[in-house]
Amino acid sequence: KQEVTQIPAALSVPEGENLVLNCSFTDSAIYNLQWFRQDPGKGLTSLLLIQSSQREQTSGRLNASLDKSSGRSTLYIAASQPGDSATYLCAVRRDSSYKLIFGSGTRLLVRP
Amino acid sequence: DTGVSQDPRHKITKRGQNVTFRCDPISEHNRLYWYRQTLGQGPEFLTYFQNEAQLEKSRLLSDRFSAERPKGSFSTLEIQRTEQGDSAMYLCASSPQGAVHEQYFGPGTRLTVT
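In order, the protein sequence lines correspond to chains A and B.
Here the numbering used here is used: position 101 in the first sequence is 206, and no number is missing along the way.
Here the numbering used here is used: position 27 in the second sequence is 23, and no number is missing along the way.
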């Protein structure tokens, strides 16, 4: 059974810091991994998708990496801003299914 | 492209009532998904459609839940005889044909059962 874990559950940093969010999964037979952002009471916004054959993806100040063999992904946020405050969720899609399996998220607060 | 839309955005109902939610996917996306999210948790998969065919269902989808996508466009999720434990955010997502299968989510419908 695939399980997804995100550490830390919450993080508070001052503006301008570079930070890393962690995601681990138990079954390496994944098709892809997506990182999402969720603002309170809102839906999910897709940030980055990494295919199983890829090692990383970048979009602006965001960089996501994937190490299938160790069951880990990281989301790197450079030069954090108060507007980055949100919950960040990672989700994996297994080879055998179209559904996404989510972690519980990391709640990020960037202090001005 | 207007994104995935969901209606209503909020629903308050009394225990035992039936409720129905609607999801309109991104135009030409042939795959549609329903998820449920409770406070402080990540979304949990409920069901998946490819065109009009319901291809995967979670054990979470008890016999009180039913989903349809009659013409392969919009979808409805109905909950019969609602219980307080059904209170959650119900999220819909869609993805296009092709190899990537990136899922795009709607704003969700927040259900409160009193």
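We put the beta carbon where it would ideally sit given N, CA and C, even for glycine.
These figures come from a predicted structure and were not determined experimentally.
Distance between residue j and residue i (C-alpha atoms, nearest Å)
| i | j | result |
| --- | --- | --- |
| GLU48(B) | LEU167(A) | 36 Å |
| ARG199(A) | ARG177(A) | 14 Å |
| SER90(B) | SER170(A) | 24 Å |
| ASP3(B) | ARG27(B) | 19 Å |
| ASP172(A) | HIS97(B) | 20 Å |
| GLY121(A) | GLY165(A) | 15 Å |
| LEU124(A) | PRO145(A) | 21 Å |
| HIS6(B) | GLN162(A) | 35 Å |
| LEU51(B) | ALA63(B) | 11 Å |
| THR105(B) | PRO187(A) | 27 Å |
| GLY(-1)(B) | HIS25(B) | 10 Å |
| GLN46(B) | ILE112(A) | 34 Å |
| TYR29(B) | THR16(B) | 16 Å |
| GLY121(B) | SER83(B) | Since the displayed chain B opens at -3 and closes at 110, residue 121(B) lies outside it and no answer follows. |
| ARG55(B) | MET85(B) | 18 Å |
| ARG39(B) | PHE141(A) | Here the sequence assigns Pro to residue 39(B), which means Arg is not the residue at that position. Going from the Cα of PRO39(B) to the Cα of PHE141(A) covers about 11 Å. |
| TYR31(B) | CYS88(B) | 6 Å |
| ARG60(B) | LEU73(B) | 11 Å |
| GLY102(B) | ARG18(B) | 11 Å |
| PRO92(B) | SER185(A) | 32 Å |
| THR34(B) | PHE41(B) | 12 Å |
| GLN139(A) | SER202(A) | 15 Å |
Residues near residue i by beta carbon distance below 6 Å, same chain, minus five either side
| i | result |
| --- | --- |
| ASN132(B) | Limits of chain B in this structure are -3 at one end and 110 at the other, which puts residue 132(B) out of reach. |
| LYS204(A) | none |
| ARG216(A) | PRO119 |
| ASP20(B) | SER1 and PHE70 |
| LYS53(B) | THR43 |
| ILE8(B) | THR108 |
Supposed contact pair residue j and residue i - C-beta distance, whole angstroms, cut 8 Å
| i | j | result |
| --- | --- | --- |
| THR110(A) | GLY208(A) | 6 Å |
| GLN143(A) | ALA191(A) | 6 Å |
| LEU194(A) | LEU149(A) | 7 Å |
| LEU213(A) | LEU116(A) | 5 Å |
| ARG65(B) | SER71(B) | 4 Å |
| THR211(A) | ALA114(A) | 6 Å |
Opposing strand residues paired with residue i [DSSP bridges]
| i | result |
| --- | --- |
| ILE182(A) | LEU124(A) and LEU167(A) |
| GLU40(B) | ARG32(B) |
| TYR100(B) | SER90(B) |
| GLN143(A) | LEU149(A) and THR192(A) |
| PHE207(A) | ALA196(A) |
| ARG27(B) | GLN46(B) and SER91(B) |
| GLN111(A) | CYS128(A) |
| THR108(B) | ILE8(B) |
| ALA84(B) | LEU107(B) |
| PHE61(B) | ILE75(B) |
| SER1(B) | ASP20(B) |
| LYS140(B) | A query on residue 140(B) cannot be resolved here, the shown segment of chain B reaching from -3 to 110 and no further. |
| ASN14(B) | According to DSSP, ASN14(B) bridges with nothing at all. |
| SER117(A) | LEU214(A) |
| GLN156(A) | ASN137(A) |
Neighbourhood of residue i by C-beta distance below 7 Å, restricted to the same chain and skipping five residues each side
| i | result |
| --- | --- |
| GLN107(A) | PHE130, THR131, ASP132, VAL197, ARG199 and ILE206 |
| TYR136(A) | SER157, ARG198, ARG199 and ASP200 |
| ASP189(A) | ILE182, LEU213 and VAL215 |
| ILE22(B) | ASP(-3), GLY(-1), VAL0, SER90 and TYR100 |
| ARG160(A) | SER170 and LEU171 |
| SER174(A) | SER133 |
Beta-carbon proximity list for residue i, same chain, < 8 Å, skipping 5 on both sides
| i | result |
| --- | --- |
| ARG11(B) | THR78, GLU79, GLN80, VAL109 and THR110 |
| LYS67(B) | GLU48 |
| THR179(A) | VAL125, LEU126, ASN127, CYS128, ALA169 and SER170 |
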